[in-house]
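Q:
2 protein chains.
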Amino acid sequence: MGKAPRNGKILAAQTMERLRHAGLRPTRQRVELASLLFQDCDRHVTAESLHDEVTEAGVKVSLATVYNTLHQFTQAGLLRQVIVDAARSYFDTNTGDHQHFFLEKEGVLIDIPGEAISVAGVPNPPPGLTVERVDVVVRVKRA
Amino acid sequence: MGKAPRNGKILAAQTMERLRHAGLRPTRQRVELASLLFQDCDRHVTAESLHDEVTEAGVKVSLATVYNTLHQFTQAGLLRQVIVDAARSYFDTNTGDHQHFFLEKEGVLIDIPGEAISVAGVPNPPPGLTVERVDVVVRVKRA
DNA sequence: TCACAGTTTAGAATCGTTCTAAACTATTGA
DNA sequence: TCAATAGTTTAGAACGATTCTAAACTGTGA
Chain A
1 MGKAPRNGKI LAAQTMERLR HAGLRPTRQR VELASLLFQD CDRHVTAESL HDEVTEAGVK
61 VSLATVYNTL HQFTQAGLLR QVIVDAARSY FDTNTGDHQH FFLEKEGVLI DIPGEAISVA
121 GVPNPPPGLT VERVDVVVRV KRA
Chain B
1 MGKAPRNGKI LAAQTMERLR HAGLRPTRQR VELASLLFQD CDRHVTAESL HDEVTEAGVK
61 VSLATVYNTL HQFTQAGLLR QVIVDAARSY FDTNTGDHQH FFLEKEGVLI DIPGEAISVA
121 GVPNPPPGLT VERVDVVVRV KRA
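So the protein sequences, as listed, match chains A and B.
If you read the first sequence in the working numbering, its first letter stands for residue 1, the second for the next number, and so on.
If you read the second sequence in the working numbering, its first letter stands for residue 1, the second for the next number, and so on.
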């Protein structure tokens with residue numbers, strides 16, 4: 001269980017570029033977190049799960065920094081916050097148009113492609129208000 | 001600013017019956033809270049807002065009891081919990097099929113009738129999972 | 001009226017999250 | 001290359017919503 005850099009150099013370089021583009025100074029911590037978040041497929045994390053993950057990877061990042069970073073990434077449009085559970089916040093690496101299944105018991109989110117689902121008949125909001133976003137959460141449980 | 005019982009007797013009697021029906025012993029506190037919640041139109045409350053309200057009405061109910069009661073009412077099907085805000089839980093006296101506008105800044109929920117809105121194209125959930133409910137939140141802001 | 005199961009309560013505890021202020025570091029310009 | 005500095009990280013305290021605890025209280029049925 002060493003460092004296993006593999007193509008880490010290239011990845012890190014790409015990640016740093018991406019952070020710079022977002023106006024974020026590419027610090028060690030942000031690069032580490034971004035690499036975990038954006039390397040593969042779409043992911044759903046909580047501050048704690050990401051902190052555990054980065055810690056298990058042998059990297060020391062404080063929980064406060066994980067929180068800061070998640071919010072900064074969200075503000076930069078790299079992440080999207082998903083509110084489905086009163087107990088904790090989820091962050092989604094898929095920032096495109098899509099919705100979610102949510103398995104409450106297990107705290108698991110599953111993407112539903114935006115093209116698949118459609119919401120019709122949303123009334124005009126009361127005067128003076130404009131629609132920012134329409135969120136659909138399909139709450140599921142084990143049969 | 002007295003007691004203002006008006007038709008309070010009748011209301012209280014109805015409320016007690018309703019609670020009994022739900023399998024809840026009609027204590028002073030539960031009757032008070034139920035009267036506030038169910039007397040008029042549909043309402044959206046948080047534990048704190050309801051506690052403030054009952055307190056201002058000159059009735060002494062502890063915050064813990066408000067929390068307990070909201071959960072008991074929810075379990076009994078008298079209320080529905082609405083998850084739209086990471087910071088606090090809302091409870092809705094409208095337990096029928098409907099959705100919500102949510103004005104984040106002000107913490108305001110507005111009902112959208114269930115007949116108005118329709119969600120199409122929800123994929124089958126992954127094997128072993130069944131749909132419990134589909135929640136739609138239309139996030140709005142002041143124009 | 002009594003006994004008891006169910007309920008309420010104050011206050012402590014918990015949990016996720018945010019804040020604070022001191023130490024650290026990426027960047028820039030000399 | 002190196003300092004100056006603005007931005008970042010961090011441990012730990014603080015916070016706010018919620019839950020827990022265990023002791024006091026109260027509907028209810030006999």
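In this text, a Cβ means the ideal position worked out from N, Cα and C, and glycines have one as well.
Along the chain, where does the beta strand (DSSP E) that runs through residue 85/A open and close?
A: Unbroken beta strand (DSSP E) run through residue 85/A: 80 to 85.
Q: Keeping to the same chain, check which residues put their C-beta closer than 8 Å to that of residue 38/B; ignore five residues upstream and five downstream.
A: Counting only Cβ-Cβ distances below 8 Å, and skipping sequence neighbours, we find 15, 18, 78, 93.
Q: What is the DSSP secondary structure of residue 29/A, counted as helix, strand or coil?
A: Correct three-state label for residue 29/A: helix.
Q: Does DSSP put residue 24/A in a helix, in a strand, or in coil?
A: Reduced to three states, the DSSP call for residue 24/A is coil.
Q: Find the nearest neighbour of residue 24/B within the set 75/B, 102/B, 40/B, judged by alpha-carbon distance.
A: Comparing Cα-Cα distances from residue 24/B to each of 75/B, 102/B, 40/B, the minimum goes to 75/B.
Q: Would you give the residue range spanned by the alpha helix (DSSP H) that residue 153/A belongs to?
A: Residue coverage of chain A in this structure runs from 1 to 143, which leaves residue 153/A outside it and unanswerable.
Q: Helix or strand or just coil, what does DSSP make of residue 13/B?
A: The answer is helix: DSSP assigns residue 13/B an H, G or I state.
Q: Taking one C-beta from the region 131 to 142 of chain B and one from the region 127 to 142 of chain A each time, how about it: are there three or more such pairs within less than 8 Å?
A: Because the criterion of three Cβ pairs below 8 Å is met, the region 131 to 142 of chain B and the region 127 to 142 of chain A touch.
Q: Under 9 Å between beta-carbons, which chain B residues line up against residue 121/A? List them in chain order, please.
A: Chain B residues near residue 121/A: 112, 115, 116, 117, 118.
Q: On the CB-based measure, 16 or more other CB atoms within 10 Å of its CB, does residue 95/A come out buried or exposed?
A: By the 10 Å Cβ count, residue 95/A comes out exposed.
Q: Taking 8 Å as the CB-CB cut-off, is residue 135/B touching chain A?
A: Answer yes: the Cβ-Cβ gap between residue 135/B and chain A drops below 8 Å somewhere.
Q: Throw me the rounded Cβ distance for the residue 51/B and residue 36/B pair, which I believe falls under 8 Å.
A: Not quite, the Cβ-Cβ distance comes to about 11 Å (not below 8 Å), so this is no contact.
Q: Out of curiosity, what's the CA-to-CA distance linking residue 87/B and residue 85/A?
A: Going by the C-alpha atoms only, they are around 10 Å apart.
Q: So what does residue 57/B bridge to, in DSSP terms?
A: Paired residues: none, contrary to the question.
Q: To the nearest angstrom, how far is the alpha carbon of residue 80/B from that of residue 59/A?
A: So the alpha carbons of these two residues sit roughly 43 Å apart.
Q: Below 7 Å on C-beta distance, what does residue 130/B contact in chain A?
A: Those within 7 Å of residue 130/B in chain A are 140, 141, 143.
Q: Spatial neighbours of residue 138/B within its chain, please: CB distance less than 8 Å, with the 5 preceding and 5 following residues excluded, ordered by chain position.
A: Around residue 138/B: 99, 100, 101, 102, 112.
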